[in-house]
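Report on the structure given below.
There are 2 protein chains.
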Amino acid sequence: MATESDPRFHRSSEAILAAARELLIEQGPAAVTHAQVAKRAGIGRATVYRHWPRVDQLLAEAMATVPMPLFDAPTAPIRDWLHAELTALARLLELHDVRAVATTLAQGALWDPAMDSRRGQFAGVLSERLADALDSAAAAGEVELRTTAQSAAALAIGPIYYRSTIEREPVDSDFIDAAIDSLGVWSAPSR
Amino acid sequence: MATESDPRFHRSSEAILAAARELLIEQGPAAVTHAQVAKRAGIGRATVYRHWPRVDQLLAEAMATVPMPLFDAPTAPIRDWLHAELTALARLLELHDVRAVATTLAQGALWDPAMDSRRGQFAGVLSERLADALDSAAAAGEVELRTTAQSAAALAIGPIYYRSTIEREPVDSDFIDAAIDSLGVWSAPSR
DNA sequence: TCGACTGTGAGTCAAGTTGTCTCATAGACT
DNA sequence: AGTCTATGAGACAACTTGACTCACAGTCGA
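Have a look at this one:
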């Protein structure tokens, strides 16, 4: 009866998503086709069509399965926490698969509404968490922000993202410090 | 005799590049195929194969034809010039086609060496010009940079790029000021 | 103006891909 | 044990891809 609750259905979905993710990471989004996903997942081609009739929707959903543990649960002092989280972000962006997801999202969002929705979700979570942390830091008197917390979030993440995806240069500690200093005036000593 | 100097050859090349650029901008890189380019350019399919046997090379070359007038010829005071140039960059990134080129470059570079080479070229020009301008500003005592000029370039461009491609939020003047302030201590008053 | 050269468009072709449909099977609930 | 239903295998037409051929016309030297 219940189509969605059938274990077989669930198993197939998982296998398809896993295969799509692997193909995306290893060979890029162009490699994510119904045929290749089916082959990699070891299931019938028709089954992939049954689950996701369109590849772009599958691709968008496959990317959504990548976990996003960043900027969660801030701790005081915010400056130290921020440095640690931005370092973690930089390390993540050094990984090929994370870069693949981020850039595919940014690009696909321009033409595919499903992809754009994922992008918005992704960016929203990052901005919101970071902005909340900065707001609480400002409330506690730890920092005097030069702009809104939303803008500050982009000032912190932007340089690291640009370094990783466009310049492809390593992100070191000084670079992260400079990004943090750009947000406003911190009350504690800079180091 | 001379194949390359034949006006017919040149005309076809231009038509192909123009069609490829249009398709990329309007429908994304997936739409840039030999068949569609030929149709849009109003030429034979075989001709496209003769000029560019592989689509990815055509795509990479098509993107290289987009002009890059940014950060050229800095003028004193550098801060004002920088504000104007970053504003121009932000306006450019609001255009769909520029975003298309930038994100396609960032993404394609992960799997396609030809694309990666274009990315490096693109990023290199931006960084170099900006770094030179900042160095001369530092030499003139207009600014005391917090990091290397290369890093400062990423600190200036990164937030704007991130805002436009990932967050998709408007870039206002305050945002640009904050980005400029992040580079170091400016001797002239902030506004 | 003529003639040789060569890039081009149209067309053909085999090989592969795409999306859809059918059917027997086996796994899942009652 | 019996009923349902997601699945794999396969067949299928429509389309795409890359390679090739050939008549033609734009280009350039004489």
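As given, the protein sequences belong to chains A and B, one line each in that order. Quick note on numbering: the first sequence equals residues 369 to 559 in my numbering. Quick note on numbering: the second sequence equals residues 369 to 559 in my numbering. Cβ atoms here follow ideal geometry from the backbone N, Cα and C, with glycine treated the same way.
Using beta-carbon positions only, say whether residue i and residue j come within less than 8 Å of one another.
i	j	result
B:Ala468	B:Leu392	yes
A:Thr471	B:Gln475	yes
B:Ser380	B:Ile411	yes
B:Ala414	B:Ala388	no
A:Val405	A:Val416	yes
B:Arg447	B:Glu510	yes
B:Gly526	A:Tyr529	yes
A:Thr401	A:Val423	yes
B:Leu473	B:Ser532	no
B:Gln425	B:Ala477	no
Pop quiz: residue i and residue j are said to be a contact at Cβ under 8 Å. What is the actual Cβ separation, rounded to whole angstroms?
i	j	result
B:Thr455	B:Ile544	6 Å
B:Ala499	B:Gln518	5 Å
A:Ile384	A:Ala409	5 Å
A:Leu494	A:Leu438	7 Å
A:Ala521	A:Arg486	Not a contact, Cβ separation roughly 19 Å.
Is it buried or exposed, residue i, if we count other Cβ atoms within 10 angstroms and call 16 or more buried?
i	result
B:Leu502	buried
B:Arg459	exposed
B:His378	exposed
A:Ser558	For A:Ser558, the pLDDT reaches just 45, beneath the cut-off of 50, and the residue's location in the model is therefore unreliable, although a value from the coordinates is still provided. Exposed: under 16 other Cβ atoms inside 10 Å.
A:Thr371	exposed
B:Ala421	What sits at residue 421 of chain B in the sequence shown is Pro, not Ala. Looking at its Cβ environment, which holds fewer than 16 other Cβ atoms inside 10 Å, B:Pro421 is exposed.
B:Met369	In this predicted model, B:Met369 has a pLDDT of only 45, less than 50, meaning its place in the structure is not dependable; the value taken from the coordinates is given anyway. Looking at its Cβ environment, which holds fewer than 16 other Cβ atoms inside 10 Å, B:Met369 is exposed.
A:Asp480	buried
B:Pro375	exposed
A:Ala546	buried
B:Asp542	exposed
Nearest CA to the CA of residue i: which residue from the options?
i	options	result
A:Tyr539	A:Arg514, A:Ser555 and A:Leu463	Sequence check: residue 539 of chain A is Val here, not Tyr. Residue A:Leu463 is the option with its Cα nearest to A:Val539.
B:Glu394	B:Leu426, B:His378, B:Arg447 and B:Val466	B:Val466
A:Leu513	B:Leu478, B:Ser550, B:Ala521 and B:Leu438	B:Ser550
B:Ala428	B:Ala520, B:Asp484 and B:Trp554	B:Asp484
B:Ala508	B:Ala521, B:Trp554 and B:Ala546	B:Trp554
A:Glu362	A:Phe490, A:Gly488, A:Arg497 and A:Gln489	This structure gives no information on residue 362 of chain A, because the portion of chain A shown stretches from 369 to 559.
B:Glu537	A:Leu523, A:Ala399, A:Pro445 and A:Asp542	A:Leu523
B:Met436	B:Ser373, B:Phe490 and B:Asp542	B:Phe490
Tell me the DSSP bridge mates of residue i?
i	result
B:Glu512	B:Val553
Is there at least one non-hydrogen atom of the ligand HEM closer than 7 Å to the beta-carbon of residue i?
i	result
A:Arg408	By its list of ligands, the structure shown contains no ligand whatsoever, and the ligand HEM lies outside what it can speak to.
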